[in-house]
Amino acid sequence: LQSVFEQLDEVRGALQRLKAGEYGACLACGSVIDAGRLQLVPEARHCLSCQQLQDSGAELPR
């Protein structure tokens, strides 16, 4: 049940970014998130490169 709430928070965040005109931009490096990634993960906050860095435990660019 917690994962459902976490996913809901992610979707809400994506909607806020959409309203702010920031949807589709990586929150870490600012690059455009690939359209294919957004189709698969519409709530994505990071481009694939930054997501892989985060998943590996590395520090994200700022």
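As numbered in my numbering, residues -13 to 48 make up the sequence shown, in order. Ideal placement from N, C-alpha and C gives every residue a C-beta, glycine not left out. No experiment lies behind these values; they were computed from the predicted model shown.
Once you ignore the five residues that flank residue i on each side, which residues in its own chain have a CB closer than 7 Å to its CB?
i: R3; result: Y9
i: V18; result: G10 and A11
If residue i and residue j are in contact, beta carbons under 8 Å, what's the gap, nearest whole angstrom?
i: C36; j: P47; result: 7 Å
i: G(-1); j: R31; result: 7 Å
Can you list, in chain order, the residues of its chain whose CB lies under 8 Å from that of residue i, leaving out five sequence neighbours each side?
i: E51; result: Shown here, the chain extends from -13 to 48; a query on residue 51 therefore has no answer.
i: D20; result: C33 and L34
Pick from the options: whose alpha carbon is nearest that of residue i?
i: E45; options: V27, L26 and A14; result: A14
i: L60; options: V(-10), L(-6), C12 and S(-11); result: Residue 60 cannot be examined here, being either before or after the span of the chain that is shown, -13 to 48.
3-residue-minimum beta strand (DSSP E) runs that sit fully inside the stretch -6 to 28, ordered along the chain: Runs found: none.
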